[in-house]
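So in this note's numbering, spot 68 of the sequence shown is number 82, and the numbers just go up one at a time.
Beta carbons: idealized from backbone N, C-alpha and C, even for Gly.
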Amino acid sequence: MNLSHALVCQGLIKRYGSLTAVDHLDLEIPVGRCYGLLGPNGAGKTTTIEMLEGITVPDGGEIQVLGHSWRDKPDAIRQKLGIQLQETQFQGKLRVQEVLAMYGSFYHCHKSVEDLLRIISLVEKRNSFVENLSGGQKQRLALGCALAGDPDILFLDEPTTGLDPQARRQIWELVLAHKAEGKTVVITTHYMDEAQQLCDEIGIMDQGKLIAQGSPAQLIASLGGDHIIEWQVEEPIDLRESEMLAIKSAVTFRQKSATEYVLTVQQLHHALPELMLDLERRSAALQALSTHQASLEDVFLNLTGRSLREP
Numbered sequence: 015m016n017l018s019h020a021l022v023c024q025g026l027i028k029r030y031g032s033l034t035a036v037d038h039l040d041l042e043i044p045v046g047r048c049y050g051l052l053g054p055n056g057a058g059k060t061t062t063i064e065m066l067e068g069i070t071v072p073d074g075g076e077i078q079v080l081g082h083s084w085r086d087k088p089d090a091i092r093q094k095l096g097i098q099l100q101e102t103q104f105q106g107k108l109r110v111q112e113v114l115a116m117y118g119s120f121y122h123c124h125k126s127v128e129d130l131l132r133i134i135s136l137v138e139k140r141n142s143f144v145e146n147l148s149g150g151q152k153q154r155l156a157l158g159c160a161l162a163g164d165p166d167i168l169f170l171d172e173p174t175t176g177l178d179p180q181a182r183r184q185i186w187e188l189v190l191a192h193k194a195e196g197k198t199v200v201i202t203t204h205y206m207d208e209a210q211q212l213c214d215e216i217g218i219m220d221q222g223k224l225i226a227q228g229s230p231a232q233l234i235a236s237l238g239g240d241h242i243i244e245w246q247v248e249e250p251i252d253l254r255e256s257e258m259l260a261i262k263s264a265v266t267f268r269q270k271s272a273t274e275y276v277l278t279v280q281q282l283h284h285a286l287p288e289l290m291l292d293l294e295r296r297s298a299a300l301q302a303l304s305t306h307q308a309s310l311e312d313v314f315l316n317l318t319g320r321s322l323r324e325p
């Protein structure tokens with residue numbers, strides 16, 4: 015079957031009582047792409063993923079997984095999916111190779127235990143009990159279990175939470191290697207650098223809706239500026255948006271708190287001196303000022319008003 019999209023959903027709805035967790039969501043994920051679904055807590059991304067995985071039944075809308083619906087071909091779809099939860103619980107007294115063999119038995123066609131051990135770099139730990147593995151090794155084992163059926167679509171829920179930088183990069187390499195085989199990956203993460211490294215396309219959800227979508231570069235470009243200026247003053251001052259946007263090359267302005275402000279600009283060397291003169295005219299006592307290149311985190315803050323890792 016020649017498919018252009020691994021996942022398609024139209025008008026997806028999920029309600030819990032009076033709360034609409036997912037509100038008429040439309041989503042298309044092409045085959046062979048890594049798609050990141052990001053959003054603050056309560057945005058509806060977990061519910062969306064669970065509906066795509068067939069774990070939760072939607073209250074409205076349609077889902078197509080590899081050209082099939084969950085109503086018509088649930089067993090066939092499950093054979094094509096691999097799912098890694100944020101915290102996969104294993105029986106501590108099982109050996110690594112036993113866990114992989116067990117997960118492989120769930121699929122009609124599956125990778126051999128030897129192949130999985132090699133892929134996740136746990137060959138030397140094959141006879142180790144799960145309880146004796148490090149955090150990073152357990153996460154690699156969880157990913158190995160998700161890869162056991164050689165899935166066409168791999169779902170990863172916060173795959174590197176709590177891992178050190180080296181262990182995170184090992185997981186990244188495994189994900190990219192799977193995608194390089196032409197497989198589709200859907201990931202949720204609270205790490206913006208992870209999303210930027212792994213994802214071909216990103217969707218940002220808030221209040222049950224998809225509010226932005228595009229490649230990391232496209233989303234950053236949507237800010238309209240390449241640089242961010244952040245500053246803090248001792249006492250609150252009346253900074254009106256119209257006045258701040260009058261600064262040369264300024265694009266967007268927002269107030270983080272009573273004394274903290276953020277300005278997105280196109281040309282830092284023009285905007286920064288002008289901003290400093292403006293603050294001096296206001297006799298504002300500057301406590302801190304920093305600049306940085308615009309990033310996905312800035313896109314997220316601009317769209318939702320919250321940090322990705324904010325509770």
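- Around the beta carbon of Arg182, 16 or more other beta carbons sit within 10 angstroms, so the residue counts as buried.
- DSSP, read as helix, strand or coil, puts Cys23 in strand.
- Setting aside the 5 residues that flank it on each side, Met258 is surrounded in the same chain by Ala264, Phe267 and Leu277, each with a C-beta closer than 7 Å to its C-beta; the list follows chain order.
- Restricting attention to Pro230, Asp312, Thr273 and Pro250, the CA atom closest to the CA of Cys48 is found in Pro230.
- Secondary structure of Trp84 (DSSP, three-state): coil.
- The alpha-carbon of Ile133 is positioned some 53 Å away from that of Ile261.
- DSSP places Ser304 within a strand segment (E or B) once states are collapsed to three.
- Bounds of the beta strand (DSSP E) holding Leu39 are Leu33 to Pro44.
- Taking the Cα of Ala162 as reference, the smallest distance to any Cα among Val79, Leu300, Ser119 and Arg320 is reached at Ser119.
- A residue is called buried when at least 16 other Cβ atoms come within 10 angstroms of its Cβ; Gly50 meets this threshold and is buried.
- A residue is called buried once 16 or more other Cβ atoms fall within 10 Å of its Cβ, and His122, having fewer, is exposed.
- Gln78 and Trp84 have their C-alpha atoms roughly 7 Å apart.
- In terms of Cβ geometry, Met219 and Lys59 form a close pair [threshold 9 Å].
- When DSSP states are grouped into helix, strand and coil, Cys48 belongs to the strand group.
- Taking the Cα positions, Glu215 is about 15 Å away from Ser18.
- As the crow flies, the alpha-carbon of Val189 is around 13 Å from that of Thr203.
- Taking a 10 Å sphere around the C-beta of Val247, we find 16 or more other C-beta atoms and assign the residue as buried.
- Close CB contacts of Gly25 within its chain, under the 8 Å cut and outside five residues either way in sequence, are with His38, Leu39, Asp40, Gly74, Gly75 and Glu76 (chain order).
- One alpha carbon belongs to Gly81, the other to Ala20, and they sit about 7 Å apart.
- Inside the stretch 198–225, DSSP marks whole alpha helix (DSSP H) runs of 4 or more residues at positions 206–212, from first to last along the chain.
- Beyond the five residues adjoining it in sequence on each side, Leu108 comes within less than 6 Å, by CB distance, of Val144 in the same chain, given in chain order.
- Taking C-alpha positions only, Ile43 is separated from Leu168 by approximately 12 Å.
- For Leu277, the uninterrupted beta strand (DSSP E) segment begins and ends at Glu274 to Val279.
- The beta carbon of Val200 sits closer than 6 Å to those of Tyr49 and Phe169, all from its chain and outside the five residues before and after it, given in chain order.
- Residue nearest to Gln211 within the set Leu114, Leu224 and Glu187 is Glu187 (criterion: CA-CA distance).
- With a beta-carbon spacing of about 20 Å, Gly150 and Asp129 fall beyond the 8 Å limit used to define contacts.
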